[in-house]
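K.L.:
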Amino acid sequence: MSSDCKGSSNDPPPKKDKPKCESTRHEPTKENKPCKETKPKSKKSSEPTQSSQHSPDSLGKTERQTLQNFHEDCIDKINTQINDEIRSAYTYISMASFCTQDNVALFGFAKFFTHSYKEEIEHMEHLIAYLNKRGGQLRLTSIEAPSKQEWNTVEDLLTEALHMEKQLNEKLLKLHACASQHGDANLTDFLEGRYLQEQVDAIKTLADLLTTVRRTQLYLVDRDLMSGKFSMHGNDNGE
Ligand SMILES: [Fe+2]
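Position one of the sequence shown corresponds to residue 1 (UniProt numbering), numbered consecutively onward.
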C-alpha cells in the first residue's frame, strides 16, 4: 500500500490518513474532499489578519469604511442634537402624563403630547441611523430631567412646548450651518429634507394652538385635539 504512494521502502510507515490525501491528488473525485477541507484550516491559522477580523476583541476597533467628508464638529453637533431630541421627548411625555391626571383631564392634549413624544423619539432614531450610515460614532450622554413637570395653565404648558421647539430649531440651524461650512452637502440635504421643515411646522402648530387656547373654551380645544385637528406636520389648511 505504501509503495503505491511513495515508491520507497525506506520511508517511515505512513500515517493512516496520508495515503488518502496523496492518492486523491491523482483522482479528482469525491475523495478530494478531505484534503480540501484540511487546507483552509491550516491557511486560516497562518493568517492572523483574517482571524483577527472575526475576533470579538476587534469589534468596533477597525477603521470606519463609510467615513467620508464627515467633519468631527458635525458629528459632535449631531450627538448633541440626539440628546436634545431625547430630552424633548422626556418633556412631551411628562406633559402628556400631566394632562391625563384626574385633576387635569385634558385627554385631547394628552393625545397631542404623546404623539409629539413619539415624533421626538423618531427624530432621535433617524439621527442615530444617519450618524451610523456616515461612519460617525454615537456618544450618548445623561438626559437632563425636564425643568418643569407641573403647569398652572394650558397656556404655560404650550408656551414651554413652543419655546422648546424653537430651541430645537435653532440648534438644527446651527448644525446645518456647520455642515455648510465643511462642505457636507449630504448632511445639509438630510437636514433640509427631514428636519428643518418639520420644525417650522411644529412651531406653527404650537403657535396656532396657543392662540386658539387664548380665545376659545378649553374643553372645545381639547375636543379638537382628540379628533386630530392640530398636527405637528401642519394644519388643515395645508400649511
Ligand atoms: Fe424633534
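By construction, the Cβ of each residue, glycine as well, lies at the ideal position given by its N, Cα and C atoms. What you are looking at is a predicted structure, and each value in this text was computed from that prediction instead of being measured.
Heavy atom of ligand 1 less than 7 Å from the Cβ of Ser142, yes or no?
P.N.:
No, since every heavy atom of ligand 1 falls outside the 7 Å radius drawn around the Cβ of Ser142.
K.L.:
How big is the Cα-Cα spacing for Leu168 and Lys61?
P.N.:
Cα-Cα distance, rounded: 33 Å.
K.L.:
Whose CA, out of Leu127, Pro146 and Glu144, lies closest to the CA of Gln137?
P.N.:
That would be Leu127, whose Cα lies nearest to the Cα of Gln137.
K.L.:
Compare the Cα-Cα distances from Leu220 to each of Leu196, Gln81, Phe107 and Glu160 and report the closest residue.
P.N.:
Out of Leu196, Gln81, Phe107 and Glu160, Phe107 has the C-alpha closest to the C-alpha of Leu220.
K.L.:
Does the beta-carbon of Ser180 have 16 or more other beta-carbons within 10 angstroms, so that it is buried, or is it exposed?
P.N.:
Flag for Ser180 reads exposed.
K.L.:
Between which two residues does the alpha helix (DSSP H) harbouring Phe107 extend?
P.N.:
Phe107 to Arg134 is the extent of the alpha helix (DSSP H) around Phe107.
K.L.:
Determine the closest residue to Met164 out of Phe113, Phe98 and Phe190, with distance taken between C-alpha atoms.
P.N.:
Of the candidates Phe113, Phe98 and Phe190, the one whose C-alpha sits nearest the C-alpha of Met164 is Phe113.
K.L.:
With H, G and I counted as helix, E and B as strand and the rest as coil, what does DSSP make of Met232?
P.N.:
Coil, per DSSP.
K.L.:
Express the C-alpha separation of Gln81 and Ser58 in angstroms, rounding to a whole number.
P.N.:
Taking the straight line from one Cα to the other gives about 29 Å.
K.L.:
With DSSP as the reference, label Met143 as helix, strand or coil.
P.N.:
Just to set this straight, residue 143 is Ile in the shown sequence, not Met. Three-state result, Ile143: coil.
K.L.:
Which first and last residues belong to the alpha helix (DSSP H) in which Val213 is found?
P.N.:
Looking at the DSSP string, the run of the alpha helix (DSSP H) that includes Val213 is Gln197 to Arg215.
K.L.:
Keeping to the same chain, check which residues put their C-beta closer than 7 Å to that of Ser116; ignore five residues upstream and five downstream.
P.N.:
Within the same chain, Ser116 has close Cβ partners Tyr92 and Met232.
K.L.:
Taking just the CA atoms, how far does Gln65 sit from Glu160?
P.N.:
Spanning the two alpha carbons is a distance of roughly 42 Å.
K.L.:
Could you tell me the boundaries of the alpha helix (DSSP H) in which His97 lies?
P.N.:
The question names His, but residue 97 is Ser in the sequence shown. Element bounds for Ser97: Glu72 to Cys99.
K.L.:
What's the C-alpha gap between Ala129 and Asn79?
P.N.:
Roughly 12 Å between the two C-alpha positions.
K.L.:
Apart from the five residues just before and just after Glu119, which ones in its own chain have a Cβ nearer than 7 Å to its Cβ?
P.N.:
Within the same chain, Glu119 has close Cβ partners Met232.
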